[in-house]
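Heads up: the sequence shown begins at 0 in numbering that gives the first Met the number 0, then just goes up one per residue.
In this text, a Cβ means the ideal position worked out from N, Cα and C, and glycines have one as well.
Remember, it's a predicted structure, so these values are computed and weren't measured experimentally.
Notes follow once the structure below has been shown.
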Amino acid sequence: MLDGTYKVEVDTPFGRKPGTVALRSEGDVVYANMEMPVIGKQDVAMQADGDGFSTEGEFKVRLLGKVAYTLHGEVEGDNLHIEIDSSKGKLELDGTRV
């Protein structure tokens with residue numbers, strides 16, 4: 000099951016910083032509300048595939064403007080893993096359902 004709120008940690012130039020990702024699924028679409036360092040607050044709709052999900056698009060990031068990305072994620076039990084490949088670099092984050 001994908002649905003839930005996850006506490007995540009993100010590696011930044013200033014060390015690991017906390018954030019949250021809330022997932023809600025409706026059929027084969029997963030909606031994510033993300034609030035974390037580096038990308039800020041983002042709402043994303045993704046294609047679900049079992050316990051995984053993916054999408055591509057553009058984030059609007061303060062100070063950086065539009066950032067193109069592809070996102071792949073997976074939930075295993077209560078653990079979340081997301082990889083974001085963007086025009087500004089790669090970002091990986093891991094989290095646990097709260």
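Would you mind giving the Cβ-Cβ distance between Gly-18 and Met-45, rounded to the nearest angstrom? I have them listed as a contact below 8 Å.
Here residue 18 refers to the residue found at position 19 of the sequence shown. Here residue 45 refers to the residue found at position 46 of the sequence shown. Between Met-45 and Gly-18 the Cβ distance is about 17 Å, and since that is not below 8 Å, they are no contact.
Going by DSSP in three states, Val-26 sits in which element: helix, strand or coil?
Here residue 26 is taken as the residue at index 27 of the sequence shown, counted from 1. Before going on, a small fix: residue 26 reads as Gly here, not Val. Three-state DSSP puts Gly-26 in coil, outside helix and strand.
Could you have a look at Pro-17 and say whether DSSP puts it in helix, strand or coil?
As a working note, residue 17 is residue 18 in the sequence shown. Three-state DSSP puts Pro-17 in a strand.
So is the beta-carbon of Ile-81 under 7 Å away from any non-hydrogen atom of the ligand NAD?
Of the ligands one can find in the structure shown there are none, so the ligand NAD has no counterpart to examine.
In or out: Val-28 buried (at least 16 other Cβ within 10 Å) or exposed?
Taking the first residue of the sequence shown as position 1, residue 28 is located at position 29. It counts as exposed.
With DSSP collapsed to three states, give me the class of Val-97.
Taking the first residue of the sequence shown as position 1, residue 97 is located at position 98. Residue state, collapsed to three classes: coil.
If distances are taken between C-alpha atoms only, which option among Val-7, Ile-81, Asn-32 and Gly-76 comes closest to Thr-69?
Numbered from 1 along the sequence shown, position 70 holds the residue referred to as residue 69. With distances taken between Cα atoms, Thr-69 lies closest to Ile-81.
Check the C-beta distance from Leu-1 over to Phe-52 and give it rounded, since I have them as a contact under 8 Å.
By one-based count along the sequence shown, residue 1 stands at place 2. By one-based count along the sequence shown, residue 52 stands at place 53. Contact holds; Cβ gap of about 7 Å.
Spell out the partners DSSP gives Phe-90 in its beta bridges.
Indexing the sequence shown from 1 puts residue 90 at position 91. Checking the sequence, you will find Leu at residue 90 rather than Phe. Partner(s): Ile-83.
Taking Cβ positions, are Leu-90 and Val-9 nearer each other than 8 Å?
Translated into positions along the sequence shown, residue 90 becomes position 91. Translated into positions along the sequence shown, residue 9 becomes position 10. Yes, Cβ-Cβ distance for Leu-90 and Val-9 is below 8 Å.
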